[in-house]
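Numbering (this note's numbering), first residue to last: 158 to 603.
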């Protein structure tokens, strides 16, 4: 009976008038587009490293890593608050925190460099976390049969923010005094932008009507059609939604978080150091194209691979992404001139797929009812990967100085990490297609 009622609930949601659901997607996309500014750290990296951290690239890059690490904590808290109150409330509060963090970051000086970690890093990550997984969970609940596609739209908007805002941010930095001097006032302008967009966008963040969440599995008579439409994704289902406490007791959670850590390290390293790498390759005049290349391809990858995961299922999609990322990382030293940007872009394309596919993987394994909080816990792996990326990349960038070829060991490390992650995906898939080993012993093979 529980299975049948869940199927009916999913059909009810799918059949609901889509006007509000579309409004949610548009509002969430606008919010994520603006929040994507936080992802173009490499525009700030060089100036901040010189003016605040005495040229220490690893210390400067730690700001971005802290933001991504705290993002998981913000996602967990935001998910809990959204369940208790509403998505609208969480988005509004998240916008306030993010705006306050960037505004206070403008007061950071070389005598108190830790302030940037606390403001841009911790406060920015907390606010961004409130906004990130709650908006994803909300749109997935409005469109449960197209989770990969709508998730791809939302996270693509996040990546596209870097493309849209990189030129004006660089213009602002130059207008306010150039690299090393113009960042503080730029932070103030961005704080005002966050406040405006998130406040306005929160008005349109409607939660879907209450539904029976006792299960996330289609009824038996619907399985053939679902399998035909969604391939591998339909072969492994849970019989109910897992609360965060229940999820944390499963091996699948820890495997999923570890895979995310290993999968994201290479892409995050490239995001943080795209511009410095371009400069070190002798492309200083066009180094901004490195930032644009990875942000644009990152955005396109999120939309493309999100749609692919609806067809192939998240497991096969993630395996393809990890294999491609591992191979591409090894070619970084060989790329010269224009091909540097091409390679950076393709790596960003694969990295973007990771971020659009993992939400579907998490909701497939643990259900959609507690998706915002559960995905927040999985994002702890993302935060760990961010810290690894900044420290590995920053360490070898310091050693390399102007000879970027000396950074090659960093790319070898991330290539090996993605290969390990690929092996773990096979093991995770085995667990989830085993009747006795699935989370909570409740998965079934269909």
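A virtual CB, placed ideally from N, CA and C, is assigned to each residue, including glycine.
CB contact flag (residue i, residue j, <9 Å)
| i | j | result |
| --- | --- | --- |
| residue 296 | residue 190 | no |
| residue 528 | residue 294 | yes |
| residue 502 | residue 454 | yes |
| residue 265 | residue 273 | yes |
| residue 500 | residue 485 | yes |
| residue 315 | residue 192 | yes |
| residue 404 | residue 531 | yes |
| residue 313 | residue 545 | no |
| residue 226 | residue 541 | yes |
| residue 256 | residue 209 | no |
| residue 507 | residue 535 | no |
| residue 352 | residue 194 | no |
| residue 258 | residue 283 | yes |
| residue 228 | residue 277 | no |
| residue 551 | residue 218 | yes |
| residue 523 | residue 399 | yes |
Inter-residue spacing [alpha-carbon to alpha-carbon] between residue i and residue j
| i | j | result |
| --- | --- | --- |
| residue 416 | residue 287 | 23 Å |
| residue 478 | residue 512 | 11 Å |
| residue 360 | residue 263 | 28 Å |
| residue 519 | residue 332 | 44 Å |
| residue 279 | residue 223 | 6 Å |
| residue 566 | residue 301 | 42 Å |
| residue 510 | residue 517 | 11 Å |
| residue 581 | residue 572 | 15 Å |
| residue 260 | residue 342 | 9 Å |
| residue 411 | residue 423 | 20 Å |
| residue 205 | residue 397 | 48 Å |
| residue 465 | residue 521 | 15 Å |
| residue 576 | residue 200 | 30 Å |
| residue 554 | residue 203 | 12 Å |
| residue 371 | residue 426 | The predicted model places residue 371 with a pLDDT of 38, which falls under 50 and marks its position as unreliable; any figure quoted below should be read in that light. In a straight line, the C-alpha of residue 371 is about 40 Å away from that of residue 426. |
| residue 233 | residue 494 | 43 Å |
| residue 589 | residue 583 | 10 Å |
| residue 537 | residue 230 | 7 Å |
| residue 483 | residue 418 | 14 Å |
| residue 180 | residue 213 | 44 Å |
| residue 496 | residue 487 | 14 Å |
| residue 569 | residue 245 | 43 Å |
| residue 385 | residue 185 | Low confidence applies to residue 385: its pLDDT is 41, below 50, so where it sits in the model is not reliable, and the reading given next is rough at best. In a straight line, the C-alpha of residue 385 is about 30 Å away from that of residue 185. |
| residue 251 | residue 335 | 30 Å |
| residue 176 | residue 242 | 23 Å |
| residue 285 | residue 362 | 16 Å |
| residue 585 | residue 462 | 20 Å |
| residue 211 | residue 357 | 39 Å |
| residue 299 | residue 402 | 25 Å |
| residue 349 | residue 476 | 40 Å |
Top-ranked residue by Cα proximity to residue i, from the options
| i | options | result |
| --- | --- | --- |
| residue 365 | 266, 550, 526 | 526 |
| residue 248 | 260, 257, 235 | 235 |
| residue 240 | 268, 291, 178, 221 | 291 |
| residue 505 | 197, 180, 363, 177 | 197 |
| residue 303 | 340, 178, 420, 564 | 178 |
| residue 579 | 318, 349, 474 | 474 |
| residue 480 | 533, 574, 413 | 574 |
| residue 587 | 421, 250, 221, 409 | 409 |
| residue 471 | 250, 306, 299 | 306 |
| residue 207 | 552, 275, 270, 309 | 270 |
| residue 539 | 421, 355, 462, 330 | 421 |
| residue 339 | 327, 349, 356 | 327 |
| residue 467 | 407, 543, 308 | 308 |
Residue interval of the alpha helix (DSSP H) (run including residue i)
| i | result |
| --- | --- |
| residue 342 | 340-359 |
| residue 304 | 304-332 |
| residue 297 | 281-299 |
| residue 404 | 401-404 |
| residue 275 | Neither: residue 275 is in no alpha helix (DSSP H) and is coded neither H nor E. |
| residue 254 | 244-262 |
| residue 227 | 214-241 |
| residue 397 | Note, residue 397: premise wrong, no alpha helix (DSSP H); not H, not E. |
| residue 202 | 199-208 |
| residue 176 | 176-192 |
Closer than 8 Å: residue i CB and nearest the ligand ATP heavy atom
| i | result |
| --- | --- |
| residue 284 | The ligand ATP is not part of this structure, which contains no ligands at all. |
Proximity test, Cβ basis, 9 Å: residue i and chain D
| i | result |
| --- | --- |
| residue 356 | Reference to chain D is not applicable here, since this structure consists of a single protein chain. |
Threshold first: 4 residues or longer. Then list the alpha helix (DSSP H) segments lying entirely within the stretch 464-499, N to C. Segments of the alpha helix (DSSP H) lying fully in the stretch 464-499: 471-486.
Run through the stretch 531-590 for me and flag every whole beta strand (DSSP E) of 3 or more residues, listed as ranges in chain order. The qualifying runs do not exist here; there are none.
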